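Quick notes on the structure that follows.
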Amino acid sequence: MTSAWSRRTFLATSAALSAAGSGALTVAAPRAAVADDPYAALRATWNTLILGEGFSPTAEPFRSRLADLGSKARGLLETMAPADGSLWPDAVFADPDPDTDPESYVLSGRMADSFIRLSTMAQAYRQQGTGLTGNAGLRDAVIQGLDHLNTQVYKAGQARYGNWYSWQIGAPQALLDVCVLMYDALTPARLTRYCAAVDHFVPDSAVASYTGTSTGANRVDLCRVLALRGAVGGTAAKIALARDALSPVFPLVTKGDGLYADGSFIQHTTVPYTGSYGSVMLGGLGLLFALLKGTTWEVTDPKRQVVFDAVENAWAPFLYNGLVMDSVAGRAISRGEVDDHRRGHPILASIVLLGQGASAAENTRWRGLVKGWARRDYYSPPLGNPSLGLTALARIANVLDDASLTAPPEPDGHRLFPDMARATHRRPGWAAALSMADKRITYYETGNGENLRGWHTGNGMLYWWGDTFANGQYSDAFWPTVDPYRLPGITASRRVLADGAGGDWGVALPDVNWVGGASDTKRAAVGQYLKGLSSTLLAKKSWFFLDDTVVCLGAGIHCRDGAAVESTADNRNLGPTGSAPFTVDGSAQPVTAPWSATLTDASWAHLGGHGGYVFPGGATVKALREKRTGRWRDINTAGSTDPLSRTYLTLWFDHGINPSDGSYAYQLLPGATEQRTAARAADSTWLRVLANTDDQQGVAVPSLGVSAVNFWFGGTVGPLVADAPCSVLVTEHGDGTATVCVSDPMRMRTSLTLTWNRAVASVVSKPPTVTSAATGAALRLVFGDLSGTRGATQTVKVRLP
C-alpha cells in the first residue's frame, strides 16, 4: 500500500514538481553531446520534462512561482544540518527498531521527503528566475545532501523499514531527478553509488510479475524509476525493462487493478481511483511516452491505444469544469491541501502531455476539452493553483492561449460504470455522480491514517454540482466539517463507528450482488441493495436520472442496531456564513444557525443558489441549518489541527430506531428556481411512482415517454413484467420508435424474460443476448445467458404501431 504522506507529497506540493511534470527553463547543457550519447539525450529530455519549456520566467504566474521556488530552496539551504539519522532537524528518519517501531511509516516517509527537498533545491539551481540559479553554494549543498543520505540510509545493503513506497518510488524518483538535474556536477563514483542504492531497493524483480504493489499506477511509477536509473547509469537493459514492464498496464482487465472496458479504473483491488491513482498513472505514462519517444526504447506496444482511448472513456466522465469528482478519489478526499479542483488540474496537464504521443485528431480534440475545462473553472482557475507545478501550468496556459482551439461544452448524458459501482449524469447547467458498494467494490478506503470517517461514502452518496453555482460544494472544507452520518443521498444507521471501521485498504465489502442499472446514455435507472458497514442495516435504493431531475426512492429500510436510521436527501455546504434562503411550500424559513424543524406533509423545498426538492404526495422531512466545526486532523492523522467552521443545510428522512420497513421518495432538481420547484410539485401528473417496495421500485414520466423499474425480484410493475431480478428503462421516442434497455446487475442471470405490455410493430435491432423477440399486442423479450455481460446494458430498439 502507498504511504499517505508520500503520495500526498508527490501529488500536492510544489516540492514534488517532477511528479506533476513541472518546471521551467534549463540553464546548462548536458555533459556529453546529445547527438553522440543516447543516455545524454534521455537526460536532456527529462530535464525538459521536469523543468519545462515554452514560457517566460518573467511572465506571471511563472515569475511568482519561480520566486517561490527560490524562496523555498533558500529556506531548505539555511536549515539543512546533516546529522546522524537526519538531514534536516525536523525530518528525522532513523529507525532504531525497524520491526517494532510504530512510527516506521512516518520515518520512512521523512527519508523520502529528504530527497524531495533536495530535488526542490536542485530545481531552484537549474531554473531561471529563482534567485539561486547556478548558485555554487546551493549546488554543493545538494551534493552534500545526496552523499549524506547515501551514507546514512539509502544505500546498497540497507534494510528497508516502514512503507515500501518510500523506498521503491518516493525516494528513488526524487533521487534520480536530482541526478539528472545535477548530472554535470556529480562524479562518476557518486553516480555509481546512487545507482547501486536504487538497484538494491528497486531490483529488476520489482516488475517481474504484475501482482501486489506492482500494478496500475504503482507499476508505472516503478517503470519510471527503472527508466531513469538506466538513463543516469547508462544501462540499456534497465530502460528496455522499464519499457517492456509497462505492457501489463495497457490491456483492459476484468478483475483487480487497472482499466476496464466500461471506463472503470480500480487500484488496491476494490477502490475506484480514477481521480487519484488514475491521475498518477496517466501522468506517469505521459512522461514515459515522451521520454522514450524517438529513441531505441520507444513504447510501441499497440495496446497503448487503450490508454489513449481511456482519456475520453475513463477520465473525461469524471472531470467537470476543472474538478475531478471525489467519488473516484478514494482516501485522497481527506487530504486538506488538495481539493477536487486541485486534483483535477494535474489531470488536465497530463492529458495535454499524453496528446503529444497520440494521433493528431486525438491531440486536437483533447486540447479542446482541456481548454473548456480550464476556462470554465471559475471556482479555482488552474493558473492560480498553488500546488500545480510550473510545467503543468505551462501546458495549460499554452492550451488557453491557443486561439485555434474550440472548447466544446460539457457533454450531455449518462455514464454507468458497473465495474466500479459508480455513475455520472450530466445535463445543461449541472452534473451529478453516484457512489455505491457491492461485493467487489468497497464501502470506502482508509489506510495510513487517512479517510478515517469515510465509512458511508459508498452508501449511495449522490454528489452534484452546478456549472456557475455550487461548484465548490465539496472543495470548501466539506470533508472535515460535514456530518459523516448525513452525507447527501445516503441511508445510514447512526450507530457510532470507530475511526477506520471495517479495516484498511478497502477490505470491507458488503455481501450484495444487486448494484447497477440500465442506461440509454441519456437517462438511467440505477439501484443499490444496501447493507450497512458494521451494521444490521438493509435497504433498497433507486435513482432515476432524468432530464432535469433525479428521482430518488428508498424502501425496505430495516435495522436492528438500536440506533436511529436516516436517509439524507441532501446536505449542502453553505460556506462560513451560510445565509442562503430556504423555503418550504412557499414559506421562508430562518436563515441563521442554529435552526431546526420537522417539516410535516411538505410538498417541496427550495435552497437559494442551489436547487429544489419535491416530495411526491407530501412527506415528513427534518431540516437543520447548523454551523459545524472540524479539523483535517479529525479525518487524517497527517492533517492540519486548525479548526474550520462551515454552515450546512441538511434535509433528511428520520426512519426512527430499529425501523422495519422504512421508505422515502423525493425529486432532486439541481439549479431549479423556487418557481420551477413549486410548479413541479403542483403537477401531480408529471411523475408516477409505480412501485416503491422491497420487491420493486419504479417510476413513469409520461411527458418523457419513460418507464423505468428496478426489479429486486421478478414481478409486475406498471406495463413491465420480469420473471427475475433486473433493471429496465423504456423510452418512447417522437419518431415512432422506442428503446428497451435491460441489464443484469447481479451478473448471474442465465435467462430472463421481460414483457412490455405495449403494442409493438417490429424489432429494429437487438443484441446477441436476446434469443427471442415476439411483437404484437405486447413485446416479449427472452434473454439468454447474461452472467457474462458484467452488468452492461442490453439495448433493444423497436418500432411502434
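Going by my numbering, the letters in the sequence shown line up with residues 661 to 1461, in that order. Beta carbons: idealized from backbone N, C-alpha and C, even for Gly. What you are looking at is a predicted structure, and each value in this text was computed from that prediction instead of being measured.
For residue i, which residues in the same chain have their Cβ closer than 7 Å to its Cβ, ignoring the five residues on either side in sequence?
| i | result |
| --- | --- |
| Thr871 | none |
| Asp1164 | Thr1106, Gly1107 |
| Tyr933 | Phe925, Ile926, Gln927, Val988, Gly990 |
| Thr873 | Trp824 |
What did DSSP end up calling residue i once you bin it into helix, strand or coil?
| i | result |
| --- | --- |
| Ser1247 | strand |
| Glu713 | coil |
| Asn1296 | strand |
| Arg1450 | coil |
| Gly730 | helix |
| Gly1378 | coil |
| His1116 | coil |
| Asp864 | helix |
| Arg1082 | strand |
| Thr873 | coil |
| Asp986 | helix |
| Pro1144 | coil |
| Tyr765 | helix |
| His808 | helix |
Excluding the 5 residues preceding and the 5 following residue i in the sequence, name in chain order all residues of the same chain whose CB lies nearer than 8 Å to its CB.
| i | result |
| --- | --- |
| Gly1044 | Pro721 |
| Val1377 | Leu1350, Ala1351, Gln1356, Gly1358, Val1369, Phe1371 |
| His1393 | Gly1365, Thr1399 |
Identify every residue that forms a DSSP beta bridge with residue i.
| i | result |
| --- | --- |
| His1330 | The amino acid occupying residue 1330 in the given sequence is Pro; His does not appear at that position. BP columns for Pro1330 point to Gly1271. |
| Trp1090 | Arg1087, Gly1126 |
| Arg1455 | Per the sequence shown, the amino acid found at residue 1455 is Thr instead of Arg. Looking at the DSSP assignment, Thr1455 forms a beta bridge with Cys1401. |
| Arg1285 | Trp1255, Leu1309 |
| Ser1367 | Ala1360, Val1390 |
| Gly1290 | Leu1304 |
| Ala1215 | Lys1200 |
| Met1121 | Ser1095 |
| Trp1416 | Leu1380, Leu1439 |
| Tyr1324 | Gly1214 |
| Thr1151 | Ser1227 |
| Lys915 | Answer by DSSP bridge pairing: none, since Lys915 is not bridged. |
| Val656 | With the chain covering 661 to 1461 only, the question about residue 656 has no answer from this structure. |
| Asn707 | BP columns for Asn707 are empty, so no partner. |
Give me the Cα-Cα distance between residue i and residue j, rounded to the nearest whole angstrom.
| i | j | result |
| --- | --- | --- |
| Ala857 | Ala974 | 37 Å |
| Tyr1038 | Ala782 | 34 Å |
| Tyr854 | Val862 | 12 Å |
| Ser869 | Val940 | 20 Å |
| Ala1421 | Thr1431 | 18 Å |
| Ala1052 | Leu948 | 16 Å |
| Gly712 | Leu1050 | 7 Å |
| Leu1076 | Ala1168 | 23 Å |
| Asp1354 | Val1175 | 15 Å |
| Cys1386 | Ser1202 | 13 Å |
| Ala1215 | Phe753 | 54 Å |
| Thr930 | Ala719 | 45 Å |
| Ser1179 | Trp1090 | 19 Å |
| Leu1029 | Pro1068 | 6 Å |
| Leu1441 | Ser1403 | 13 Å |
| Leu1112 | Trp1139 | 11 Å |
| Trp1124 | Thr1084 | 10 Å |
| Leu1157 | Asp1221 | 12 Å |
| Leu729 | Ala751 | 20 Å |
| Gln1249 | Arg1409 | 50 Å |
| Pro1276 | Pro1078 | 29 Å |
| Pro1254 | Thr1307 | 9 Å |
For residue i, which residues in the same chain have their Cβ closer than 6 Å to its Cβ, ignoring the five residues on either side in sequence?
| i | result |
| --- | --- |
| Pro742 | His808 |
| Asp696 | none |
| Arg820 | Trp827 |
| Tyr1103 | Ala1097, Gly1118, Ala1168, Leu1193 |
| Ser1300 | Gly996, Trp1292 |
| Cys1212 | Trp1203, Tyr1326 |
Does any CB atom of chain D fall closer than 7 Å to the CB of residue i?
| i | result |
| --- | --- |
| Arg1075 | Within the model displayed, chain D is absent; a lone protein chain is all it includes. |
Inset, instruction - May I ask you to verify whether the region 1099–1108 touches the region 1126–1145, counting CB pairs closer than 8 Å and requiring at least 3? - result: Two segments are said to touch when three or more pairs of C-beta atoms, one from each, lie closer than 8 Å; by this definition the region 1099–1108 does not touch the region 1126–1145.
Inset, instruction - Mind the definition here: the region 900–917 touches the region 845–852 only if three or more C-beta pairs lie below 8 Å; say whether that holds. - result: no
Inset, instruction - Indicate whether the contact test is met: 3 or more Cβ pairs, each with one atom in the region 998–1013 and one in the region 1299–1315, closer than 8 Å. - result: no
Legend entry - Validate contact between the region 1185–1197 and the region 1325–1345 using beta carbons, cut 8 Å, 3 pairs: no
Inset, instruction - Report yes or no: do three or more beta-carbon pairs, one from the region 1333–1343 and one from the region 1228–1235, lie closer than 8 Å? - result: no
Inset, instruction - Tell me, please, whether the region 1289–1297 touches the region 1265–1281 by the rule of three or more beta-carbon pairs shorter than 8 Å. - result: Because the criterion of three Cβ pairs below 8 Å is not met, the region 1289–1297 and the region 1265–1281 do not touch.
Legend entry - Contact the region 902–912 vs the region 960–980: 3+ CB pairs below 8 Å: yes
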